[in-house]
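Accompanying notes for the structure given below.
Below you can see the structure in the form of structure tokens.
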């Protein structure tokens, strides 16, 4: 009798163990399926991003079309609106056989004067190589500072009546932490070779002669900006004391001041000005891996570093 009871307990224990193993196996299979699906989804998204970046729509069934290049966001070497990307798109647009005109659609607050100057000069060079292919700049929400610098190279500039246009000026900004350091009891130790090597250091006191020097750099860059705008706009520009002051105007006001030539969208220009309604986008796509890492916020560390230093020169 005792052996029978022991056997029954053993069988129940075995059944329970087998049952638990079955449950664990089912859980493992479910998790395995989940991770396989997750991997598949990741690869699908990655391949989609790569195909989007490597296969821009540049093929048209028609023989004539308007080529489009987008300038979106801050103009800087580390951003999507950098000179290399823009120049690549502009060259492809001008070189395409069916291009009747190029539209540079702008939505940017400005940025680096160096990047803006590169694009301005390249537009002028391309117009010399392709004299029969005009380039029109179309400002959507905003075309200010460095973005307007680039727009000034166009044959004509269009904007919406409510677009923000202008801001022809230069700015460099930063923070001073001298008093904060004193309150924290932290001593700044800066070692340099060169009397003014540390003149932009945010943890040191400003010196009058260095501030004066830095303002002269800003003024020089401002004059370069003004010269390019005058060169590009010519007699269409109604120069007054405020036009180069850094102020920004609506599209209607910009039209009165000669900053733009007309009011209209990219579609309007393609249809009514160029006469080739079909638009083909030649805007280069950013590297998909770079976009993916930016989405994950990997670039956050560099943003903190930028906060602690004087910003690079920007035309605004």
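In my numbering, the protein residues as written are 1 to 316.
For every residue, glycine included, the Cβ atom is placed at its ideal position computed from N, Cα and C.
In this structure, DSSP gives residue 78 a state outside helix and strand, which the three-state scheme calls coil.
Within 10 angstroms of the beta-carbon of residue 191 lie fewer than 16 other beta-carbons, which makes it exposed. Sorting 182, 170, 121 by C-alpha distance to the C-alpha of residue 232 places 121 at the top. Sequence-distant partners of residue 63 (beyond 5 residues in either direction) whose C-beta falls short of 7 Å from its own C-beta, in its chain, are 98. Fewer than three Cβ pairs drawn from the segment 83-93 and the segment 252-268 lie within less than 8 Å of each other, which leaves the two stretches out of contact. The shortest C-alpha to C-alpha distance from residue 104 to any of 147, 262, 20, 111 is the one to 147.
A direct Cα-to-Cα measurement between residue 127 and residue 198 gives close to 43 Å. Contact check for residue 160 and residue 136: beta-carbon distance about 14 Å, past the 8 Å limit, so the pair fails to qualify. In this model, residue 215 and residue 185 are separated by some 31 Å (Cα to Cα). In this structure, the beta-carbon distance from residue 150 to residue 71 falls below 8 Å. With respect to residue 284, residue 94 sits apart: the two C-beta atoms are not nearer than 8 Å.
For the alpha helix (DSSP H) assignment, the uninterrupted runs of no fewer than 4 residues enclosed by the segment 230-285 are, from N- to C-terminal side, 251-257. Under the 10 Å beta carbon count, residue 24 is surrounded by fewer than 16 other beta carbons and is classified as exposed. Here residue 282 is buried, its C-beta having at least 16 other C-beta atoms within 10 Å. In the structure shown, residue 25 falls within a helical segment according to DSSP collapsed to helix, strand and coil. DSSP lists 143 as the bridge partner or partners of residue 108.
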